[in-house]
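Report on the structure given below.
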Amino acid sequence: PKTAYVRTKPHLNIGTMGHVDHGKTTLTAAITKVLAERGGGTFVPFDRIDKAPEEALRGITINIAHVEYETDTRHYAHVDMPGHADYVKNMVTGAAQLDGAILVVSALDGIMPQTAEHVLLARQVGVDHIVVAINKADAGDEELTDLVELEVRELLSAHGYGGDSVPVVRVSGLKALDGDPRWTASIEALLDAVDTYVPMPERYVDAPFLLSVENALTITGRGTVVTGAVERGTIEVGDRVEVLGAEIETVVTGLETFGKPMDSAQAGDNVALLLRGVPRDAVRRGYVVAAPGSVTSARRFSAHVYVLSAKEGGRTTPIGSGYRPQFYIRTADVVGDIDLGELAVARPGDTVTMTVELGRDVPLQPGLGFAIREGGRTVGAGTVTEVIG
Ligand code: GDP
Ligand code: MG
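Each number in full-length UniProt numbering corresponds to the 1-based position in the sequence shown with 1 added.
Listed below in structure tokens is the structure:
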């Protein structure tokens with residue numbers, strides 16, 4: 002039998018961000034190695050993180066690797082993603098509900114385009130705390146690394162992260178993986194910075210249960226399993242739930258986190274829910290599992306939207322009424338028509354009010370964040386202000 006998950010420490014979700022090849026995956030592997038040696042989890046080698054199974058659902062390929070580990074004071078779920086597009090998809094949709102992030106910057110290269118884009122994305126999706134790992138410090142020249150540090154602090158300040166107070170730790174994921182004591186200590190220092198600098202977020206455990214489905218699969222002989230992060234509330238084996246999107250009511254017959262069974266899960270946990278009697282392929286990414294009757298779906302809403310500037314990777318030309326991009330809401334990806342009302346156009350860099358009509362009903366509530374995407378890039382970020390129906 003599998004060992005049950007025992008909740009002994011507060012749980013947080015973090016992840017590595019940063020430009021391709023700056024060492025995110027190497028660092029992730031190194032963290033698991035250093036902590037495994039202290040009894041804080043299992044070592045996950047580079048190849049197991051980098052070759053996480055690809056999930057192709059509804060034509061969107063999602064690549065996300067989850068590893069778990071424990072420091073002295075906390076239990077962490079850590080996500081690492083291979084490509085820039087995976088960051089955009091998972092961060093803007095909230096699939097990777099990060100309580101904090103480790104920004105990985107190579108001491109050899111400094112800030113690169115994706116470094117800046119990930120900081121911007123983190124700001125947009127409400128990641129309030131970033132810790133910086135200047136990686137490859139083993140190979141970098143000290144004076145140059147000082148400059149890289151200065152540059153990163155400036156970038157963070159420019160995005161409202163208080164760059165002067167953000168912890169910046171010089172590390173070498175590669176040397177720590179080799180067992181080099183100096184660089185093993187650098188990983189410990191990084192983890193201490195995460196433990197102390199990233200505060201425990203408020204969890205809405207008293208609210209009705211809600212989980213946005215990140216992935217759904219059918220396991221022969223067991224039924225349909227959905228995975229995702231619990232957005233709010235708690236859930237226990239035996240609880241009734243509603244699946245919005247599939248419009249079915251069912252019962253949770255099993256609950257797991259990182260392959261370990263658990264009796265109850267709460268806001269912030271990454272879980273797999275086994276659902277009784279749900280037909281194969283009835284549930285997909287983007288559907289919502291919630292306490293029955295606790296949420297309503299709608300397709301029309303008004304919103305405040307920030308149209309990204311060209312410099313931020315957005316459009317170079319304005320948008321107008323009749324524009325029909327994709328809306329990423331929680332884990333859902335839905336087409337929508339926009340109406341700017343009296344306003345003729347919204348230019349890149351503008352913040353505007355708009356009415357949106359989605360292609361299908363989606364659970365909505367005021368305050369819910371979303372991203373607007375077009376042809377593989379993010380062109381806007383918004384918040385629902387009113388659900389119309
Ligand atoms: P990712 O794309 O950000 O996940 O980067 P990877 O972890 O795949 O690393 C990219 C390359 O940088 C690989 O060849 C690594 O071996 C190398 N690398 C990663 N960390 C370090 C480090 O700390 N020092 C040195 N010298 N090389 C590193
Ligand atoms: Mg990688």
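The beta carbon of each residue, even a glycine, is placed where N, CA and C say it ideally should be.
Neighbour-count burial assignment, residue i, 16 or more Cβ in a 10 Å radius
i: THR4; result: exposed
i: ALA30; result: buried
i: GLU232; result: buried
i: PRO349; result: buried
i: LEU359; result: buried
i: ASP264; result: exposed
i: ARG325; result: exposed
i: GLN366; result: exposed
i: THR146; result: buried
i: ASP100; result: buried
i: MET201; result: exposed
i: ASP165; result: exposed
i: ARG331; result: buried
i: GLU257; result: buried
i: LEU156; result: buried
i: ALA78; result: buried
i: PRO364; result: buried
i: ILE63; result: Its pLDDT being 49, under 50, ILE63 is placed unreliably in this model, and the value from its coordinates should be taken loosely. Flag for ILE63 reads buried.
i: SER284; result: At residue 284 the sequence reads Val, which differs from the Ser that was named. Classification of VAL284: buried, given that the 10 Å Cβ count is 16 or more.
i: LYS261; result: exposed
i: ILE389; result: exposed
i: GLU118; result: buried
i: LYS10; result: exposed
i: LYS25; result: buried
i: HIS305; result: exposed
i: LYS312; result: exposed
i: ARG171; result: buried
i: residue 391; result: Shown here, the chain extends from 2 to 390; a query on residue 391 therefore has no answer.
i: THR251; result: buried
i: ASP73; result: exposed
i: VAL35; result: buried
i: ARG59; result: Below a pLDDT of 50, predicted positions are generally treated as unreliable, and ARG59, at 33, falls in that range; the measurement from the model is reported next regardless. Looking at its Cβ environment, which holds fewer than 16 other Cβ atoms inside 10 Å, ARG59 is exposed.
i: ARG378; result: exposed
i: ARG223; result: exposed
i: ARG39; result: exposed
Cβ-Cβ separation, residue j to residue i (assumed contact under 8 Å), whole Å
i: VAL253; j: GLY239; result: 7 Å
i: VAL68; j: THR33; result: 6 Å
i: GLN125; j: ARG204; result: Between ARG204 and GLN125 the Cβ distance is about 22 Å, and since that is not below 8 Å, they are no contact.
i: VAL169; j: VAL133; result: 4 Å
i: GLN98; j: ASN14; result: 6 Å
i: ARG374; j: ARG300; result: The pair is not a contact, with the Cβ atoms about 18 Å apart (cut-off 8 Å).
i: THR162; j: ILE135; result: One detail in the question is off: residue 162 reads as Tyr in this sequence, not Thr. With a Cβ gap of about 16 Å, TYR162 and ILE135 do not count as contacting.
i: LEU122; j: MET92; result: 5 Å
i: LEU28; j: GLY174; result: 4 Å
i: ALA372; j: TYR307; result: Wrong, their Cβ atoms sit about 10 Å apart, outside the cutoff.
i: VAL279; j: ILE249; result: 6 Å
i: GLY246; j: VAL106; result: Rounded, the Cβ-Cβ distance is 39 Å, inconsistent with contact.
i: SER303; j: THR354; result: 7 Å
Residues sharing a beta bridge with residue i, DSSP
i: GLY261; result: For the record, residue 261 in the displayed sequence is Lys; it is not Gly. Note: LYS261 sits in a beta bridge opposite THR258.
i: GLY224; result: ILE220
i: residue 1; result: Nothing about residue 1 can be read from this structure; the chain reaches only from 2 to 390.
i: ASN271; result: ALA230
i: ILE330; result: ALA333, PHE371
i: VAL353; result: VAL306
i: GLU387; result: SER303
i: ALA5; result: Answer by DSSP bridge pairing: none, since ALA5 is not bridged.
i: ALA382; result: TYR307, ALA372
i: residue 394; result: Only positions 2 to 390 of the chain appear in the structure, and residue 394 is not among them; the question remains open.
i: TYR70; result: GLY42, TYR77
i: SER213; result: VAL289
i: THR251; result: VAL242
i: MET18; result: LEU104
i: GLY321; result: VAL346
i: THR235; result: GLN267
i: GLU358; result: ARG301, ASP338
i: LEU276; result: THR225, VAL253
i: ARG171; result: ILE135
i: LEU13; result: TYR77
Quiz item: Under a criterion of Cβ closer than 7 Å to any non-hydrogen atom of the ligand MG, which residues qualify, in chain order?
Solution: Residues close to the ligand MG by the beta carbon criterion (under 7 Å to any non-hydrogen atom) are, from first to last along the chain, LYS25, THR26, ASP51, ASP81, PRO83.
Exercise. Could you tell me whether the region 281–291 touches the region 220–228, using the rule of 3 or more Cβ pairs below 8 Å?
Key: yes
Quiz prompt | Cβ pair count under 8 Å reaching 3, the region 211–218 against the region 183–194 | solution = no
Exercise. Please determine if the region 339–346 and the region 311–326 are in contact, where contact requires at least 3 C-beta pairs separated by less than 8 Å.
Key: Output reads yes: the region 311–326 touches the region 339–346.
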